[in-house]
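Trainee: Please see the structure below; I have some questions.
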């Protein structure tokens, strides 16, 4: 949410209020409420909220009006309300309302309409408690009020500073990539110097995971937006899955670095000076630097529509790391280290290699989009709407 969204919400509310007041619509304030509620951060989420609100209102109004009409026919006066309402009648009215809300909720569950669940119950209760004397007229009026507010909100969403979920997804995934780059470098330093700081690194990790959760929600919202081709949908899906794999690998790095520090939280650095780590430190640092640069370059390509990074040096660095690992195995150096230390060492190295490998794959898939009507620049340009 930002100031533009606030301005758009205010504009939608003002337009709806003008219509409500100019035409003297009974209970037209519901239209204004609906316009505010369905104004979301992007077109996809607004369409989803609009559908849920309209469907919930229509279902709740239909069930509430049906029950009110039935009660009025079978037990005249049951749903009447006023100052002289007795305890017995109030209890029966409350039971009827509760039954109506329960029935509405049950139908939403059966029909798998979870997004409409609450609003349908609210609408049913309003019809039964407030408008029971003229249920069908009131149900129709409330549905039309809500539809008016939704219509105005969607017009404002689409035509005034439009924001698409796929544009926001591209930006959010770029943020995740930058967080992966920063965390990877920090974890390499923490591992090599036995200075894992849980509070600092944990905050970086949690921020990265939250941004990725936001990305998942944006991907779902992008599915609701019109005007997207199958190729664009595939490119977005591949991009998301690729970043997800990178995130999983950096979490493995985090676990390896944390478990390798005998005293996590101690800020004092104790560089690893055993022969195993000394001989391979250069290769690990080189690959870490390339991973960091590659993630940042991929993020820049998404945001600035730049060229996708060439990652040939990544494969070369992995080759040098593998050659050094083979040398250490054949020389027997690793056999002279404690077994648990060697296991954590290999856990860290394998996670770093997997991170570099999948970074190359992610960039390659986007570049390969040129053969599917999506060149690297177009992938980003179309993702940004």
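In the working numbering, the protein residues as written are 55 to 439. Just so it is clear, CB atoms sit at the ideal spot from N, CA and C, and this is done for glycine as well. No experiment lies behind these values; they were computed from the predicted model shown.
Could you say which of 242, 190, 269 lies nearest to residue 225 if we only look at CA atoms?
Mentor: Checked all of 242, 190, 269; the closest Cα to residue 225 is 269.
Trainee: What does a CB cutoff of less than 6 Å around residue 334 pick up in its chain, not counting 5 residues either side in sequence?
Mentor: 378
Trainee: What did DSSP end up calling residue 315 once you bin it into helix, strand or coil?
Mentor: coil
Trainee: Using CA atoms only, rank isn't needed, just tell me which of 345, 382, 93 is closest to residue 218.
Mentor: 93
Trainee: What's the C-alpha gap between residue 317 and residue 244?
Mentor: So the two alpha carbons sit approximately 12 Å from each other.
Trainee: Residues in the same chain with beta-carbon distance under 7 Å from residue 182, minus the five sequence neighbours each way, listed in chain order, please.
Mentor: 118, 121, 122, 133, 150, 151, 154
Trainee: Excluding the five sequence neighbours on either side, which residues of its own chain have a C-beta within less than 7 Å of the C-beta of residue 174, listed in chain order?
Mentor: 110, 113, 114, 158, 162
Trainee: Within the continuous alpha helix (DSSP H) that includes residue 354, where are the two ends?
Mentor: Residue 354 -> alpha helix (DSSP H) spans 329-358.
Trainee: Keeping to the same chain, check which residues put their C-beta closer than 8 Å to that of residue 324; ignore five residues upstream and five downstream.
Mentor: 247, 248, 249
Trainee: Does residue 84 pass the burial test, meaning 16 or more other C-beta atoms within 10 Å, or should it be called exposed?
Mentor: buried
Trainee: Just mark residue 400 as buried or exposed, buried being the case when its beta carbon has 16 or more other beta carbons within 10 Å.
Mentor: exposed
Trainee: Using only alpha-carbon positions, find the residue among 382, 145, 265 that is nearest to residue 232.
Mentor: 265
Trainee: Determine the direct distance from the alpha carbon of residue 77 to that of residue 66, and round the result to whole angstroms.
Mentor: 17 Å
Trainee: Exposed or buried, which one is residue 62 when buried takes at least 16 other CB atoms within 10 Å?
Mentor: buried
Trainee: Does the region 325-332 come close enough to the region 364-373 that 3 or more CB-CB pairs lie under 8 Å?
Mentor: no
Trainee: Per DSSP, what kind of secondary structure is residue 410 in: helix, strand or coil?
Mentor: helix
Trainee: So does the region 389-398 actually touch the region 289-305, counting three or more Cβ pairs closer than 8 Å?
Mentor: With the cut-off at 8 Å, the region 389-398 and the region 289-305 do not touch.
Trainee: What whole-angstrom Cβ distance do residue 462 and residue 196 have, given they're in contact under 8 Å?
Mentor: With the chain running from 55 to 439 in the structure shown, residue 462 is simply not present.
Trainee: Let me know if residue 64 comes out buried or exposed under the rule of 16 or more other beta-carbons within 10 Å of its beta-carbon.
Mentor: Looking at its Cβ environment, which holds fewer than 16 other Cβ atoms inside 10 Å, residue 64 is exposed.
Trainee: Using the C-alpha atoms, what's the distance from residue 167 back to residue 127?
Mentor: 30 Å
Trainee: Run through DSSP, which three-state label would residue 74 get?
Mentor: helix
Trainee: Exposed or buried, which one is residue 185 when buried takes at least 16 other CB atoms within 10 Å?
Mentor: When all chains shown are included, residue 185 counts as buried.
Trainee: Going by DSSP, what residue range makes up the alpha helix (DSSP H) through residue 247?
Mentor: Run containing residue 247: 219-247, per the alpha helix (DSSP H) assignment.
Trainee: Straight-line CA distance for residue 516 to residue 81?
Mentor: A query on residue 516 cannot be resolved here, the shown segment of the chain reaching from 55 to 439 and no further.
Trainee: Just checking my contact of residue 104 with residue 193 at CB under 8 Å: how many whole Å lie between their CB atoms?
Mentor: At roughly 19 Å, the Cβ-Cβ gap does not stay under 8 Å, so residue 104 and residue 193 are not in contact.
Trainee: Is the beta carbon of residue 341 sitting closer than 8 Å to the one on residue 372?
Mentor: Less than 8 Å divides the Cβ of residue 341 from the Cβ of residue 372.
Trainee: Compare the beta carbon distance of residue 236 and residue 258 with 8 Å and say whether it is the shorter of the two.
Mentor: yes
Trainee: Report the residue from 376, 165, 156 whose alpha carbon sits nearest the alpha carbon of residue 176.
Mentor: 156
Trainee: Secondary structure at residue 186, three-state DSSP: helix, strand or coil?
Mentor: coil
Trainee: Are the CB atoms of residue 458 and residue 241 nearer to each other than 8 Å?
Mentor: Because the chain spans 55 through 439 in this model, residue 458 falls outside it and cannot be assessed.
Trainee: Ends of the alpha helix (DSSP H) at residue 105?
Mentor: 97-128
Trainee: Determine the DSSP secondary structure at residue 252, reduced to helix, strand or coil.
Mentor: helix
Trainee: Check whether the Cβ atoms of residue 212 and residue 97 sit closer than 8 Å, and answer yes or no.
Mentor: yes
Trainee: Short of 6 Å in beta carbon distance, which residues of its chain neighbour residue 106, apart from the five on each side in sequence? Order them along the chain.
Mentor: 169, 170
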